[in-house]
Every structure is written in C-alpha cells, then in structure tokens.
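Below is one structure, written out as structure tokens; comments come after it.
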Amino acid sequence: MATTILITAEEYLLQAESDRPTELVKGVIYTMNPPGFRHGQICSRIAFLLQGFLEENPTGTVVCNDSGVITQRNPDTVRGADVAYYSYQTVPRGQAPEGYPPGPPDIVFEVLSPNDQVANIKQKTSEYLRVGVAVVCVVDDRQRSITTYRARDQTDVLDETDELTFPNEMPGFVVPVAKIFA
Numbered sequence: 001m002a003t004t005i006l007i008t009a010e011e012y013l014l015q016a017e018s019d020r021p022t023e024l025v026k027g028v029i030y031t032m033n034p035p036g037f038r039h040g041q042i043c044s045r046i047a048f049l050l051q052g053f054l055e056e057n058p059t060g061t062v063v064c065n066d067s068g069v070i071t072q073r074n075p076d077t078v079r080g081a082d083v084a085y086y087s088y089q090t091v092p093r094g095q096a097p098e099g100y101p102p103g104p105p106d107i108v109f110e111v112l113s114p115n116d117q118v119a120n121i122k123q124k125t126s127e128y129l130r131v132g133v134a135v136v137c138v139v140d141d142r143q144r145s146i147t148t149y150r151a152r153d154q155t156d157v158l159d160e161t162d163e164l165t166f167p168n169e170m171p172g173f174v175v176p177v178a179k180i181f182a
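In structure tokens form, the structure reads like this:
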C-alpha cells in the first residue's frame, strides 16, 4: 500500500505551476476542472464592483484568481477563493504578503461552476467560516442568486431584485444583485 506524502501550505506555494487549477486539501494537491468563461466573467464583475467601491472608500484590498486562503493546519488546506476582500486590519495598506496573508479575508466569493458539487461548496463554506471569514457569498449564475453565509448559521438568499450589502465589513457598499449577473 502506497503512503501519501503530505505537504504544507508553504510547500504548496512553491510548487511548479500547473496547467489546471489546484487546491491543497489536508496536505494533498487536488486538480480541478477549469471553471469556464462565464465563471470568469462573474468573478471579474464582482472584483470590479468591489474595487470601484474601494477606490472611493479605501478600507482594504480585493484579490481574485484563486488567491490562497489557509483554512486548516496540520494537515494544511489551502482553498482558492474566486474573489476575496481583506480589510487593511488584516493586510495593512501597501504591505501585500509574499505568500499567504496572516489572517483570513473578511469576505469570500465562491462562484459556482457547472462542475461544482454541492457537498464541496458546503465544505468550503464551512471551512471559511471556521477560520474567521465574516461572510461567504456563494454566487449561482443559473439561479441568478447569491447566498450569503455568516457565523452563527445566519444565511440569506438574495435574488436579482435584492441588493448585496456588507454593513459590518464594508459599510456603505450597496450593489444590486442583478448588476453582478449583467
């Protein structure tokens, strides 16, 4: 029986680039299918809307393109958030870390892909909340909805007639959900 050699988040960061997206789950690298064009459009739109707000209200920074979020140690898990917002309290202005940030993002967006499995998204959401992410937004293009998860089992489902807000994490940010799917 072969023994799986587990690697750390730091070793994972130094791995050679892959031609496919990957995540580190409990010390093991897993390859994922590329998410597709529409997924990229929605991620770009979310990052654009967040960044536009932050230009006028500089309270933090936005990252995308599966930037790593450590959700577990020993063995390590590094999830690739589609879009994430870090306040300047977590990542001080002008001090972008070389590797992973010292703490979790305040907000994470996971945009569903055609190949995503519900169990995997629930697991990721649970991991993000467990490490201190304040809000996890699961974006569903098929349903044109966003489900927001917060600590203490607070869940809200927003449709195109609703507005997405983060009163505690990004005061003043208000975007019609329909704009994300435009």
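Just so we're aligned, residue 1 is where the sequence shown starts under UniProt numbering, counting upward by one.
Even for Gly, the Cβ is constructed at its ideal location relative to N, Cα and C.
Since the model is a prediction, treat every value here as computed from it, not as a measurement.
Host beta strand (DSSP E) of residue i (start-end)
i   : result
A91 : Note on residue identity: the sequence assigns Val, not Ala, to residue 91. Premise fails: V91 is in no beta strand (DSSP E) and is neither H nor E.
I29 : V28 to T31
Residue i to residue j span [Cα, whole Å]
i           : j    : result
V83         : R152 : 23 Å
T147        : N120 : 15 Å
Q117        : V108 : 18 Å
P35         : T125 : 18 Å
E110        : V138 : 5 Å
residue 209 : L24  : Residue 209 is absent from the structure shown; the chain starts at 1 and stops at 182.
G68         : T161 : 32 Å
Q72         : I42  : 27 Å
M170        : T59  : 8 Å
D96         : Q51  : Per the sequence shown, residue 96 should be read as Ala rather than Asp. Their backbone Cα atoms lie some 16 Å apart in a straight line.
Y88         : P104 : 12 Å
E163        : G80  : 26 Å
Close beta carbons around residue i, own chain, < 7 Å, minus the five adjacent residues each side
i   : result
V28 : T4 and L6
H39 : V111 and S113
Nearest-angstrom Cβ-Cβ length linking residue i and residue j, presumed shorter than 8 Å
i    : j   : result
Y85  : D66 : Actually they are not in contact, since the Cβ atoms of Y85 and D66 sit about 15 Å apart, beyond 8 Å.
A182 : R45 : 7 Å
K179 : L49 : 7 Å
Residue-level contact to chain C via CB, residue i, 9 Å cutoff
i    : result
E160 : Absent from the structure is chain C; it holds one protein chain and no more.
Per DSSP, the bridge partner or partners of residue i
i    : result
S145 : D140
F109 : V83 and C137
Range covered by the alpha helix (DSSP H) that runs through residue i
i   : result
S44 : F37 to E56
Sequence-distant residues of the same chain with beta carbon closer than 6 Å to residue i, five excluded per side
i   : result
I70 : A9, V78 and Y100
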